[in-house]
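Chains as they are written, first to last, in our numbering: chain A, 1422 to 1618; chain B, 145 to 322.
Heads up, the beta-carbon is just placed ideally off N, CA and C, and yes, glycines get one too.
Notes for the one structure printed next.
Given below as structure tokens:
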């Protein structure tokens, strides 16, 4: 299993923290500070593993999800993302089933002629040609640039699995769908970090 | 009633140790007590000196059986015994007409002194007590008791502990010197 910053939450506790704590507890504590540190780190790791398996998607997901429909214009999509200060959102059909995900990356990819997305390359082109490339987007819809099919999870998926999925697929959000494939919530990278740390 | 409710306990007791720990504790104690006892019984028996006292058995539990405990570290082992021996001899010399008082004040003061000097070592209490309850041979030693058997015996046991505990791959001794 690949471990990244999502899967590790180091709570920095120093030797000095331990000594101070021991001073505050009255009486003789028959353990050396370094032994306590050792027990603490192992116990903490164990607690993290336990929680990662116990906490499920439905406990941490955001239930009011901001979405767009497949035929929404890109301007509408951009406005929704800008107004809500989000970097991505799911694309849904009228029956609330998820067909794709649009993120800033998808916009950038299109603006870079499908090369590797780079904001600075877009700025460069804007500066060079004195006209912004996004102008030819006006006629496109969400369905045209969305990532599809997109990765989704079910409400009972444990935290550990979600974190690993985000690491491996390099995604920042995962829509949560029920067994009728309808959208019930969304989990962002920040939700994971907030829960674990 | 709060006084009695404090006796309820209720805390979690620590886990037991594995077979390897038990084995190394046994080996360490065997090799640690053997030289001191041998000195006492075979080499110098018959002279006026004492080479082994009961508190060495107690120290063996700590330095071979609970090597990570702060009570088992060299500073505690050596410092605790020496300080307690001195206090024990003083208590005997001052209060020998009243042995029960000498005993209690020896142990109590030894504990207070070990706490103060951060050398708390449970067998130290025994070393102080032995200085008072004797045998006569021990009484006759006076302050020499501090060096022999206490100082010498403790150093021999420490050397064995440094060797045996570090031979064990799962152990490391000491945790700290000072």
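Candidates the options: closest to residue i by CA position
| i | options | result |
| --- | --- | --- |
| residue 222(B) | 236(B), 234(B), 207(B), 188(B) | 207(B) |
| residue 1572(A) | 1512(A), 1508(A), 1541(A), 1559(A) | 1512(A) |
| residue 273(B) | 250(B), 200(B), 283(B) | 250(B) |
| residue 1600(A) | 1506(A), 1577(A), 1589(A) | 1577(A) |
| residue 1609(A) | 1443(A), 1446(A), 1486(A), 1444(A) | 1486(A) |
| residue 1593(A) | 1606(A), 1613(A), 1575(A) | 1613(A) |
| residue 257(B) | 241(B), 201(B), 232(B), 295(B) | 232(B) |
| residue 1528(A) | 1459(A), 1498(A), 1478(A) | 1498(A) |
| residue 307(B) | 157(B), 150(B), 168(B), 162(B) | 168(B) |
| residue 1539(A) | 1548(A), 1550(A), 1525(A), 1549(A) | 1525(A) |
| residue 1479(A) | 1616(A), 1611(A), 1597(A), 1617(A) | 1597(A) |
| residue 1561(A) | 1549(A), 1543(A), 1531(A) | 1531(A) |
DSSP-derived helix/strand/coil call for residue i
| i | result |
| --- | --- |
| residue 1423(A) | Here residue 1423(A) scores only 39 on pLDDT, less than 50, and its place in the model should not be relied on; the value that follows carries that caveat. Of the three classes helix, strand and coil, the one that applies to residue 1423(A) here is coil, per DSSP. |
| residue 312(B) | coil |
| residue 270(B) | helix |
| residue 1566(A) | helix |
| residue 1576(A) | coil |
| residue 179(B) | helix |
| residue 288(B) | helix |
| residue 1592(A) | coil |
| residue 155(B) | coil |
| residue 169(B) | helix |
| residue 297(B) | helix |
| residue 1605(A) | strand |
Beta carbon of residue i nearer than 7 Å to that of residue j
| i | j | result |
| --- | --- | --- |
| residue 318(B) | residue 218(B) | yes |
| residue 228(B) | residue 271(B) | yes |
| residue 262(B) | residue 194(B) | no |
| residue 1569(A) | residue 1606(A) | no |
| residue 1567(A) | residue 1507(A) | no |
| residue 1584(A) | residue 1491(A) | no |
| residue 1473(A) | residue 1581(A) | yes |
| residue 267(B) | residue 199(B) | yes |
Partner residues on chain B for residue i, Cβ-Cβ distance less than 7 Å
| i | result |
| --- | --- |
| residue 1446(A) | Chain B residues near residue 1446(A): none, gap ~13 Å exceeds 7 Å. |
Under 9 Å by beta carbon: chain B residues contacting residue i
| i | result |
| --- | --- |
| residue 1453(A) | 212, 213, 214, 217, 319, 320 |
Residues that residue i contacts on chain A, provided the C-beta gap is smaller than 7 Å
| i | result |
| --- | --- |
| residue 264(B) | 1449 |
Listed by chain order, chain B residues near residue i by CB distance under 8 Å
| i | result |
| --- | --- |
| residue 1456(A) | 212, 319 |
C-beta neighbour in chain C for residue i, strict 7 Å
| i | result |
| --- | --- |
| residue 242(B) | In the displayed structure, chain C is absent; the protein chains listed are A and B. |
beta-carbon residue i near the ligand HEM non-hydrogen atom, thresh 6 Å
| i | result |
| --- | --- |
| residue 1485(A) | Questions concerning the ligand HEM fall outside what the structure shown contains, since it holds no ligand whatsoever. |
Fully enclosed by the stretch 186 to 254 of chain B, which alpha helix (DSSP H) runs are 4 residues long or longer?
-> 199 to 209, 218 to 239
Please go through the stretch 1429 to 1499 of chain A and give each complete alpha helix (DSSP H) segment of 4 or more residues, from N-terminal end onward.
-> 1436 to 1445, 1454 to 1475, 1478 to 1481
Output the residue ranges of the alpha helix (DSSP H) runs that lie fully inside the stretch 1512 to 1550 of chain A and measure 4 residues or longer, sorted by chain position.
-> 1525 to 1532, 1540 to 1550
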